[in-house]
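Chains as they are written, first to last, in full-length UniProt numbering: chain A, 1 to 236; chain B, 1 to 236.
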Ligand SMILES: Nc1ncnc2c1ncn2[C@@H]1O[C@H](COP(=O)(O)OP(=O)(O)O)[C@@H](O)[C@H]1O
Ligand SMILES: Nc1ncnc2c1ncn2[C@@H]1O[C@H](COP(=O)(O)OP(=O)(O)O)[C@@H](O)[C@H]1O
Ligand SMILES: [Mg+2]
Ligand SMILES: [Mg+2]
């Protein structure tokens with residue numbers, strides 16, 4: 001018997017016969033601004049599943065440990081069950097979104113160096129920004145785990161930047177979640193990497209190929225994600 | 001000829017005949033919430049000058065490099081001129097204020113470990129919280145300088161906790177500013193340490209002996225600061 005373990009804003013997580021494996025169902029729902037803006041788009045689940053699958057496979061080929069096991073239908077993956085570390089890890093190469101507001105720097109300015117930010121994953125608190133000291137004091141991660149998370153985040157950034165560059169796309173920023181494998185406790189990349197969780201701009205035109213088209217009412221979401229998927233499929 | 005170099009919310013900084021020395025005048029003004037709440041209190045400048053003088057002298061005896069040179073009148077100090085590093089360094093031993101709201105933890109809860117926070121010193125941006133990566137990307141400090149700032153902040157915390165403990169006072173949190181000496185470039189503690197920039201609670205009753213009495217309309221500010229000064233004067 002498999003059961004719904006929990007349902008988030010973008011995905012449902014089901015148990016499977018294997019206690020170490022979960023089934024993820026990518027939903028068609030889109031949300032923004034901590035759930036205040038909501039809509040549903042035919043095809044979104046399928047598109048995110050396809051894009052995320054391509055990315056997880058690429059990362060695993062590059063030696064990044066992920067929770068990814070298999071893609072079993074248009075909108076379903078099998079993943080390893082983890083205990084999610086409640087930190088949203090944001091990696092930034094170019095100024096955009098909240099960073100632009102926080103520091104008063106124009107969107108699109110290149111950062112001289114990659115910025116990693118931690119946000120405490122808590123819908124009630126609105127995912128507040130924290131630093132390593134907060135994470136340690138709240139005992140949501142150990143010092144060694146934070147070092148490992150940072151190392152993984154930077155190597156994922158390298159791999160992703162190269163991958164998207166081959167499709168003529170600039171990786172502006174993205175959000176990661178890490179978890180500890182139920183089986184071994186090892187830290188792996190979990191959750192998803194998709195246009196919901198990345199900012200992706202056409203290298204030449206800076207056309208947005210991510211959820212900002214929904215957040216800012218710029219373009220049709222499924223059309224945009226379809227365009228992105230096509231460009232990623234052209235990468236050999 | 002000495003001239004007003006700049007005037008902040010709590011102090012005026014004047015040049016002196018020595019280009020490496022400034023004269024600080026402690027004002028009677030009190031502000032809160034990034035300058036939105038304002039008042040003036042007879043005696044505040046004198047009290048902060050007296051308290052800050054005691055603290056800087058104590059820190060220098062404990063080997064902490066500070067900008068402090070001398071106290072030359074009721075409301076004036078001489079200090080070494082520095083280039084201020086535009087980071088407000090907040091050190092926290094007990095949850096209070098913005099941290100309580102940020103993490104949804106009750107005021108007064110002890111933290112298992114000291115938390116250090118960085119805020120980008122910018123009145124226009126409302127002093128946003130940043131992390132080390134932001135500071136490095138904005139080039140407001142180098143990696144070595146951030147390590148040194150952290151080391152100094154922790155050793156100041158140790159010295160201050162002991163000092164206030166002798167007066168029966170709990171050091172909840174406090175804000176520091178560091179600068180680079182105009183003369184040598186060495187990093188020293190600058191600005192002030194006073195009840196304007198600390199949260200100080202009576203160890204037994206948790207009575208507030210700091211600017212929160214003004215922020216939250218709890219008690220008379222000069223009476224509170226006078227009480228604090230008396231207790232610190234009793235420390236041998
Ligand atoms: N491998 C995994 N094991 C257990 N939980 C996971 C795994 N991968 C992701 N999750 C969690 O599944 C939940 C559902 O995802 P999602 O719909 O994106 O939620 P949210 O609304 O928090 O963004 C999230 O809390 C996420 O952290
Ligand atoms: N030794 C120093 N040399 C130069 N500037 C200093 C020194 N110590 C403090 N300052 C700066 O003096 C200014 C005046 O102080 P204050 O009135 O507290 O200003 P603020 O309104 O920014 O809090 C602040 O910008 C502070 O950073
Ligand atoms: Mg999510
Ligand atoms: Mg000040």
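Quick reminder that beta carbons are idealized off the backbone N, C-alpha and C, glycines included.
**Report entry** Anticipated Cβ contact below 8 Å, residue 187/B with residue 149/B, distance rounded
**Finding:** 7 Å
Query - Selection of the stretch 100-115 of chain A by Cβ proximity to chain D, strictly under 9 Å - result: Absent here is chain D; the protein component of the structure consists of chains A and B.
Query raised in the report: Counting contacts by CB-CB distance shorter than 8 Å, is residue 17/A in contact with chain B?
Result: no
Query raised in the report: Counting only beta-carbon atoms, is residue 145/A nearer than 8 Å to chain B?
Result: no
Report task. Return yes when at least one heavy atom of ligand 3 lies under 7 Å from the C-beta of residue 45/A, else no. Result -> no
Query raised in the report: Hey, does residue 39/B have any beta-carbon neighbour from chain A nearer than 8 Å?
Result: no
Report task. Verify the CB distance criterion: does residue 137/B have a CB-CB separation below 8 Å to chain A? Result -> yes
Report task. Let me know if residue 192/B comes out buried or exposed under the rule of 16 or more other beta-carbons within 10 Å of its beta-carbon. Result -> buried
Query raised in the report: Taking 7 Å as the cut-off, does the CB of residue 177/B come closer than this to any heavy atom belonging to ligand 2?
Result: yes
Query raised in the report: Relative to ligand 5, is the shortest distance from any of its heavy atoms to the C-beta of residue 9/A smaller than 7 Å?
Result: Judged by which ligands are present, ligand 5 is missing from the structure shown, whose ligands are ligand 1, ligand 2, ligand 3 and ligand 4.
Query raised in the report: residue 199/B bridges to which residues according to DSSP?
Result: 173/B
Query - residue 58/B: CB within 7 Å of a non-hydrogen atom of ligand 2 - result: no
Requested in this report: Provide the residue(s) that pair with residue 115/A in DSSP beta bridges, ordered along the chain.
Outcome: 92/A
Requested in this report: Taking 8 Å as the cut-off, decide whether the C-beta atoms of residue 181/A and residue 89/A are in contact.
Outcome: no
Query raised in the report: Is it buried or exposed for residue 179/B, if we count other Cβ within 10 angstroms and need 16 for buried?
Result: buried
**Report entry** Residue range of the unbroken alpha helix (DSSP H) whose run includes residue 62/B
**Finding:** Run containing residue 62/B: none; DSSP gives neither H nor E here.
**Report entry** Contact with chain A by residue 131/B, beta-carbon distance below 8 Å
**Finding:** yes
Query - Beta carbon proximity, residue 128/A to chain B, threshold 8 Å - result: yes
Query raised in the report: Do you know whose CA, among 109/B, 135/B and 114/B, lies nearest residue 103/A's CA?
Result: 135/B
Query - Interface partners of residue 125/A on chain B, CB under 8 Å - result: 102, 103 and 104
Report task. Round the Cβ separation of residue 163/A and residue 198/A to the nearest angstrom and send it over; I've been treating them as touching at under 8 Å. Result -> Actually they are not in contact, since the Cβ atoms of residue 163/A and residue 198/A sit about 11 Å apart, beyond 8 Å.
**Report entry** Residue-level contact to chain A via CB, residue 26/B, 8 Å cutoff
**Finding:** no
Report task. May I have the straight-line CA-CA distance separating residue 159/B from residue 59/B, to the nearest angstrom? Result -> 7 Å
Report task. Starting from residue 187/A, trace the alpha helix (DSSP H) both ways and give me its first and last residue. Result -> Unbroken run through residue 187/A is the beta strand (DSSP E), 187-190; no alpha helix (DSSP H).
Query raised in the report: Mapping DSSP to helix, strand and coil, what is residue 53/A?
Result: helix
Report task. Would you mind reading off the limits of the beta strand (DSSP E) that contains residue 5/A? Result -> 4-7
Query raised in the report: Would you say the beta carbon of residue 191/A comes nearer than 7 Å to a heavy atom of ligand 1?
Result: yes
**Report entry** Between the CA atoms of residue 109/A and residue 273/A - distance to the nearest angstrom
**Finding:** Residue 273/A is absent from the model: chain A starts at 1 and stops at 236.
Query raised in the report: If you follow the alpha helix (DSSP H) that residue 182/B is part of, which residue opens it and which one closes it?
Result: First-last for residue 182/B: undefined, no H or E at that position.
Requested in this report: Using 10 angstroms around the beta-carbon of residue 147/B, count the other beta-carbons present and answer buried if the total reaches 16, otherwise exposed.
Outcome: exposed
**Report entry** Proximity test, Cβ basis, 8 Å: residue 119/B and chain A
**Finding:** no
**Report entry** Reduced DSSP category for residue 48/B - H, G, I as helix; E, B as strand; rest coil
**Finding:** helix
Query raised in the report: What whole-angstrom Cβ distance do residue 25/B and residue 12/B have, given they're in contact under 8 Å?
Result: 4 Å
**Report entry** Endpoints, the beta strand (DSSP E) within which residue 15/B is located
**Finding:** 11-15
Query raised in the report: Per DSSP, residue 83/A forms a beta bridge with which residues?
Result: 180/A
Query raised in the report: Does at least one heavy atom of ligand 2 sit under 7 Å from the Cβ of residue 13/A?
Result: no
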